[in-house]
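Worksheet: the structure to be examined is printed underneath.
Protein chains in written order, with this note's numbering: chain A, 4 to 414; chain B, 4 to 414.
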């Protein structure tokens, strides 16, 4: 069952400029959906470098395996993405399909197959028919252009209720470069699973190992700090392409190059922007929740505590019910397994401190806290009181709509 | 908001015989509820030994701290339990309350305070007034009797929709002994948290260290194999008392004593019976789900995979929707972080194998699998195909009612 209405937390798609060295087009291949574009083909200029991060699942999809293998070369000339079928848990047939997809994309791009990157999202366990791509790709390749990016964002959607894009301009050495990104989020089409896909492209000139270091670092505070329901897809894929085609671009080959600082910050901003849009489009979401943890024994410990809070069904249903239920936050801190001392713990909803040093805050006003919970965007802060470790993660509330969307209710 | 209807998965309360050396009564102390008994006082014969296991939360309630300290003595003469207030996150006031409760119970039982065991469930962060116990306990102590156990099971309920009890008779050496247990489960009263409490008593004669070994072992496959929503209370408490008053009982002092085998099996059966009743009364539950994992690299690995499946909101919503969605089981196996090989994985719903060696089973009938999902009790089996490790865990489905109960929906 698809959720028809657009998320109340949706944000408008930004104006996205072209990225020099990137051209793309979309097509309707009829993989699962009728009357919508479900294929996204991007071609990259010669010399484009690539970095990627993928699902931690021990049962990854065939395209994830393909991308991991291709990443070793560090060079990218084509990206082929489809929605409607995840090509996951498809055995040898799935591997054959990726091989045929890559050969086909390599042919239209004029490159080697290991310069092709693949991603698929949709039904699991159904064979993905490579002939669908053979039918549309040669024609699609004749239409590639520098925009509009919203078309690409739409082609990769499954049950996302709005297309997701982010863009930044930043100086890198002597060049002014663009970073564009699109993402699809935790959508679900029964009997399938949520998958996060994101593709980011820049016209900066950055060697592949440096690009990988930037992406691996950037993902920690963004895509790896967002959770909808604690479930992890077999297909999660984030790819970053750098064409080097910005006017005046000089290639960065040293990850410690001081010229990278502003670029890294802009990349992080694009990734965080996209990741929060994913949380805004969580299934059934009506509230965006930011969990801030301070005072943990380390940043890693803070992150685990923050995820324990953000993944707690009891915290998330309380948010859905606009209930300032700090007892459930105490519970989630306690179950995280990280160092915590009940008698040093403080909790706030927004600016209202509800608990202090292991007890209800004497100054706490239930009315003020309850009024705050009516906001569409909620910040929950837990101060552990033990150290200097901090973390921020984002999630959404757990509503009856989440159950309806994912339960495919037949009653 | 309380759920009014009794769980469709409820089972009848068993006929429970007396346990020699155990006498108890219940009282209405008005801690939170009106017109219902919310206090349970049990008195144990001199010489009663005790064992316990508690929440792993780093923010445990004051009564949990009290019990942990008292367990060191190994001797129990009284148990005092209340519903309506958890005495959790109550700071120094909470500690003072447990001290006063224990002094009071010690007085009516004629024992030392460290022979008193305490448990509380209900509101978190609200001071628990010890005067409520002072008002009722002396009179309650005059009414203690050997039954009925259902009264005790009812007095400890919060949003449980049915009282939970289990009983077994078993031979231990020359004596015929009884094991009686009661439990309360994952109930929730906004703004409070779910808590599991269980109390088991036997008239066997077993030294405290042996009793602790039996309980710690027994809990692994029972209460530690049940999950409602992955959240862990600050107050979870399981206590086992052995009075030694069965006719002809000889004290067992060696954990390797071969006479213990049948007793251990009967104890495990009582614990499992109670634990499954907790899953049957999960908030909003309409289906009981048993997850079986076979072929993992170890039993511990199998347990982690089984819990990953049982805690997955996507698996649980699929069950609610009667959807034979094996892709979500693949996802949950993959995210468990345990050794798994996509191409050796097999999954079955009941007797219907839906996936085999990393692909949809060619013989799989969607109709048969879908029909199976309409049952009230569902078995999901995942064979990892790597080793001999096995595990079983139990959970319930994730329904709109769960969200309604825990979200205290105001709209």
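For every residue, glycine included, the Cβ atom is placed at its ideal position computed from N, Cα and C.
Inset, instruction - Drop a sphere of 10 angstroms on the beta-carbon of residue 219(B), count the other beta-carbons inside from all chains shown, and report buried for 16 or more, exposed for fewer. - result: Exposed, by the Cβ-count rule.
Legend entry - C-alpha distance - residue 409(A) paired with residue 365(B), whole-angstrom precision: The alpha-carbon separation between residue 409(A) and residue 365(B) amounts to approximately 26 Å.
Inset, instruction - Would you grab the beta carbon distance between residue 258(A) and residue 213(A) for me? Rounded to a whole angstrom, and I think it's under 8 Å. - result: Taking a contact as a CB-CB distance under 8 Å, the pair residue 258(A) and residue 213(A) counts as one, their CB atoms being some 5 Å apart.
Legend entry - the segment 308-315 of chain A / the segment 227-236 of chain A touching (three or more Cβ pairs under 8 Å): Between the segment 308-315 of chain A and the segment 227-236 of chain A there are three or more inter-stretch CB-CB distances shorter than 8 Å, so the stretches are counted as touching.
Legend entry - Segment contact, 8 Å Cβ cut-off, at least three pairs: the segment 97-110 of chain A with the segment 62-73 of chain A: Inter-segment contact for the segment 97-110 of chain A and the segment 62-73 of chain A is present: three or more beta-carbon pairs are separated by less than 8 Å.
Inset, instruction - Name the residue from 393(B), 119(B), 376(B) whose alpha carbon lies nearest to the alpha carbon of residue 54(B). - result: For residue 54(B), the nearest C-alpha among the options comes from 119(B).
Inset, instruction - Indicate whether at least one CB of chain A lies closer than 8 Å to the CB of residue 294(B). - result: Nearest CB-CB separation between residue 294(B) and chain A: not below the 8 Å threshold.
Legend entry - Under 9 Å by beta carbon: chain B residues contacting residue 236(A): By Cβ distance, chain B contributes 334, 337, 338.
Inset, instruction - Would you mind giving the Cβ-Cβ distance between residue 117(A) and residue 86(A), rounded to the nearest angstrom? I have them listed as a contact below 8 Å. - result: Taking 8 Å as the upper bound for CB-CB distance, residue 117(A) and residue 86(A) are not in contact here, some 24 Å apart.
Legend entry - Straight-line Cα distance separating residue 383(B) from residue 394(B): So the alpha carbons of these two residues sit roughly 12 Å apart.
Inset, instruction - Jot down the residue ranges of each uninterrupted beta strand (DSSP E) in the segment 28-82 of chain A, minimum 3 residues, whole runs only, in chain order. - result: As summarised for the segment 28-82 of chain A, the continuous beta strand (DSSP E) elements at least 3 residues long and confined to that stretch are 42-47, 52-57, given in chain order.
Inset, instruction - For residue 144(B), I'd like the list of residues in its chain whose CB is within less than 8 Å of its CB, leaving aside the five on either flank, ordered along the chain. - result: Counting only Cβ-Cβ distances below 8 Å, and skipping sequence neighbours, we find 28, 44, 46, 111, 112.
Inset, instruction - Please list the partners that residue 409(A) has in chain B, where partner means a Cβ-to-Cβ separation under 8 Å. - result: Ordered by position in chain B, the residues that pass the 8 Å Cβ test against residue 409(A) are 316, 317, 320, 321, 324.
Inset, instruction - Give the straight-line distance between the Cα atoms of residue 355(B) and residue 256(A), rounded to the nearest whole angstrom. - result: Residue 355(B) and residue 256(A): Cα-Cα distance of roughly 55 Å.
Legend entry - 8 Å Cβ cutoff, residue 345(B) in contact with chain A: Judged by the 8 Å Cβ criterion, residue 345(B) is in contact with chain A.
Inset, instruction - Give a yes or no on contact between the segment 360-376 of chain B and the segment 266-279 of chain B, applying the rule of three or more CB pairs nearer than 8 Å. - result: Fewer than three pairs of CB atoms, one per stretch, sit closer than 8 Å, so the segment 360-376 of chain B makes no contact with the segment 266-279 of chain B.
Inset, instruction - Answer yes or no: the CB of residue 63(B) versus the heavy atoms of the ligand ADP, is any distance below 7 Å? - result: The model on display carries no ligand, and the ligand ADP is accordingly not part of it.
Legend entry - Cβ pair residue 246(A), residue 48(A) closer than 8 Å: Yes; because the gap between Cβ atoms is below 8 Å, this pair is in contact.
Inset, instruction - Using beta-carbon positions only, say whether residue 123(A) and residue 64(A) come within less than 8 Å of one another. - result: Taking a C-beta distance under 8 Å as the contact criterion, residue 123(A) and residue 64(A) qualify as a contact pair.
Inset, instruction - For the beta strand (DSSP E) holding residue 205(A), just list the boundary residues, first then last. - result: First-last of the beta strand (DSSP E) with residue 205(A): 200-205.
Legend entry - Of the listed residues 95(B), 353(B), 275(B), nearest to residue 170(B) (C-alpha basis): The candidate whose alpha carbon is nearest that of residue 170(B) is 275(B).
Inset, instruction - With 9 Å as the C-beta to C-beta threshold (strictly closer), list the residues of the segment 109-135 of chain B near chain A in chain order. - result: Result list: 126, 127, 128, 129, 130.
Inset, instruction - Please say whether residue 321(B) and residue 307(B) have beta carbons closer to each other than 8 Å? - result: Contact: no.
Legend entry - Straight-line gap, residue 210(B) to residue 244(B) (C-alpha atoms, nearest Å): About 10 Å.
Legend entry - Simplified DSSP assignment, three categories, for residue 276(A): Three-state DSSP puts residue 276(A) in a helix.
Legend entry - Test: residue 300(B) CB closer than 8 Å to a CB of chain A: Proximity of residue 300(B) to chain A, defined by a Cβ-Cβ separation below 8 Å, is not satisfied.
Legend entry - Sequence-distant residues of the same chain with beta carbon closer than 6 Å to residue 51(B), five excluded per side: The residues are 79, 244, 246.
Legend entry - Through-space distance from residue 363(B) to residue 352(A), alpha-carbon basis: Using only the alpha carbons, I get a separation of about 47 Å.
Legend entry - Chain-ordered neighbours of residue 61(A) on chain B, where CB pairs are closer than 9 Å: The answer, in chain order, is 336, 337, 338, 339, 340, 341, 342, 343, 344, 345.
Inset, instruction - Return the CA-CA distance between residue 206(A) and residue 217(A), expressed in angstroms with no decimal places. - result: About 15 Å.
Inset, instruction - With 8 Å as the threshold, decide whether the Cβ of residue 329(A) is near any Cβ in chain B. - result: Yes, because at least one Cβ of chain B sits closer than 8 Å to the Cβ of residue 329(A).
Inset, instruction - Confirm, please, whether the CB-CB distance from residue 241(A) to residue 201(A) is below 8 Å. - result: Result yes, Cβ atoms of residue 201(A) and residue 241(A) sit closer than 8 Å.
Inset, instruction - Throw me the rounded Cβ distance for the residue 299(A) and residue 253(A) pair, which I believe falls under 8 Å. - result: At roughly 41 Å, the Cβ-Cβ gap does not stay under 8 Å, so residue 299(A) and residue 253(A) are not in contact.
Legend entry - Straight-line gap, residue 25(A) to residue 398(A) (C-alpha atoms, nearest Å): Taking the straight line from one Cα to the other gives about 32 Å.
Inset, instruction - Please name the residue or residues paired with residue 245(A) in a DSSP beta bridge. - result: In the DSSP output, where bridge partners are listed per residue, residue 245(A) has 52(A), 205(A).
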